[in-house]
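If you read the sequence shown in our numbering, its first letter stands for residue 2, the second for the next number, and so on.
Glycine is no exception: its CB is placed at the ideal position from the N, C-alpha and C atoms.
Just so you know, these numbers come straight off a predicted model, no measurement behind them.
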Amino acid sequence: MTALTTSSTGAFRIGIVGDLHSHFDEIDVHQLNEQHYDLIFFTGDLGGGAQGSSLHMARIMSDLDGPVLVMPGNNDTVDITELGAELMHRHGLHMIRAIATHHEEPGAIALCGYSHHLIAIGARHVSLIAARPHSMGGPSLTFADHLAHTYNIHSLAESVSRLKSLIDEAEDEIIFLAHNGPYGLGSESSDIWGCDFKPGAGDWGDTDLTEAIDYALSLDKRVLAVIAGHMHLMTKQKVERPWRVASNGIDYINAARVPRIFNREDGVYRHHVCMTLSQDQLEIEEILLVQ
2 MTALTTSSTG AFRIGIVGDL HSHFDEIDVH QLNEQHYDLI FFTGDLGGGA
52 QGSSLHMARI MSDLDGPVLV MPGNNDTVDI TELGAELMHR HGLHMIRAIA
102 THHEEPGAIA LCGYSHHLIA IGARHVSLIA ARPHSMGGPS LTFADHLAHT
152 YNIHSLAESV SRLKSLIDEA EDEIIFLAHN GPYGLGSESS DIWGCDFKPG
202 AGDWGDTDLT EAIDYALSLD KRVLAVIAGH MHLMTKQKVE RPWRVASNGI
252 DYINAARVPR IFNREDGVYR HHVCMTLSQD QLEIEEILLV Q
């Protein structure tokens, strides 16, 4: 379990940046740093799948004020070994620079997946459970060789078991972090994680994540939210998905507005989502920062 920076101000703010697909630069770093988030979470797909593209994004992201968690997406497998090493190396350089100049030590930036991270808002403790990385959605385990080698996960059943063990040690309140969202929120192509690229559509959510959520609820733990991306908010049929769905007291967030940097008549806009946890509330809003 990793303990993240606690908040003594009565609120913990998480900046959620959806799938990048190489749409991230130094302006984003400056704008996000100005928001003074307690945590920044990237839902994955940093690059476009080409060799070096995710690595290039990691080098830019390393200038963010921490802590930062990055969930590897399905487009991040090509660079994954170098990606983890690059983030660790760049953070190490920041620490050396901070010590040498007597500045405050920056927070960590790290890949997450099958991991437990604890945040605190005063006396309120919330567990962040990072689910299966590299998911492409659908009924099968994708990138099985990599998951077996890196996480010792060989099947969806083993994925469920690993997630359950994390939930067993979690606090009574949980937020799930993922690349793709859970199964069970609709089978239309325009549903929050519906399939828009096959005839007949269908539910493209992760079944292991759904089982993990159900398991947490069976233990009387409160699931506050599930944060993911992957399925682009504008479908291939040019229909806008909902970016947020509330069901059974759980907020489901799909932050994958692609491209996340876009033009309007009055300027260039950059998208992310802000989640604010206070002692007794959870607030979520889309943020558009103009360049």
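Sequence-distant residues of the same chain with beta carbon closer than 8 Å to residue i, five excluded per side
i, result
"Ala226", "Ile176, Phe177, Ile251, Asp252, Tyr253, Ile254, Met276, Leu283 and Ile285"
"Gly185", "Asp204, Gly206 and Thr211"
"Thr102", "A caution first: Thr102 carries a pLDDT of 32, below 50, which makes its placement in the model unreliable, though a value can still be read off. Answer for Thr102: no residue qualifies."
Cα-Cα separation, residue i to residue j
i, j, result
"Gly19", "Lys237", "18 Å"
"Gly53", "Gly45", "15 Å"
"Met232", "Asn181", "7 Å"
"Gly11", "Ser279", "6 Å"
"Asp1", "Pro134", "The displayed coordinates of the chain run from 2 to 292. Any statement about residue 1 would go beyond what the structure contains."
"Leu47", "Asp173", "32 Å"
"Phe144", "Gln292", "37 Å"
"His92", "Ala111", "At His92, the pLDDT of 45 sits below 50, so the modelled position is not reliable and the matter cannot be decided from this model."
"Leu129", "Val269", "32 Å"
"Asn153", "Lys222", "27 Å"
"Thr211", "Pro183", "5 Å"
"Leu290", "His118", "28 Å"
"Ser136", "Cys113", "13 Å"
"Ala121", "Ala4", "9 Å"
"Asp64", "Val30", "7 Å"
"Arg271", "Asp281", "30 Å"
"Ser166", "Gly138", "22 Å"
"Lys199", "Leu142", "18 Å"
Classification of residue i by the beta-carbon crowding that lies within 10 angstroms, buried from 16 upward
i, result
"His150", "exposed"
"Ser160", "buried"
"Pro140", "exposed"
"Ala131", "buried"
"Leu94", "Its pLDDT being 39, under 50, Leu94 is placed unreliably by the model, and the measurement read from it follows with that caveat. Leu94 should be labelled exposed."
"Phe43", "buried"
"Ser219", "exposed"
"Val127", "buried"
"Met72", "buried"
"Ser190", "buried"
"Ala1", "Outside the shown range of the chain, which is 2 to 292, sits residue 1, and nothing can be said about it."
Chain-order list of residues whose beta-carbon lies under 6 Å from that of residue i (same chain, five-residue window excluded)
i, result
"Pro243", "Ile193"
"Ile97", "Confidence at Ile97 is low in this model, with a pLDDT of 35, below 50, so the placement of that residue is unreliable and no value is reported for it."
"Leu21", "Leu47 and Met58"
"Ile288", "His273 and Cys275"
"Val224", "Ile175, Ile214, Ala217 and Ile251"
"Tyr38", "Arg14 and Gly16"
"Asn34", "Asp66"
Under 9 Å between C-beta atoms of residue i and residue j
i, j, result
"Ala256", "Gly230", "yes"
"Ile17", "Ile168", "no"
"Leu164", "Tyr115", "yes"
"Val274", "Met235", "no"
"Gly74", "Ile41", "no"
"Phe25", "Arg265", "no"
Same chain, Cβ closer than 7 Å to residue i, neighbours up to 5 away in sequence not counted
i, result
"Glu27", "Ile61"
"Ser188", "Gly195, Ala202, Gly203 and Asp204"
"His104", "Below a pLDDT of 50, predicted positions are generally treated as unreliable, and His104, at 38, falls in that range; the measurement from the model is reported next regardless. So no residue of the chain qualifies."
"Gly49", "His22, Ser23 and Asn76"
"Pro209", "It should be pointed out that residue 209 corresponds to Asp in this sequence rather than to Pro. Counting only Cβ-Cβ distances below 7 Å, and skipping sequence neighbours, we find Arg133, Leu157, Ser160, Val161 and Leu164."
"Glu241", "Leu234 and Met235"
"Val246", "Leu186, Ile193 and Tyr253"
"Arg125", "Gln280"
Cβ of residue i within 9 Å of any chain B Cβ
i, result
"Cys113", "Structure shown: chain B not included; a single protein chain is present."
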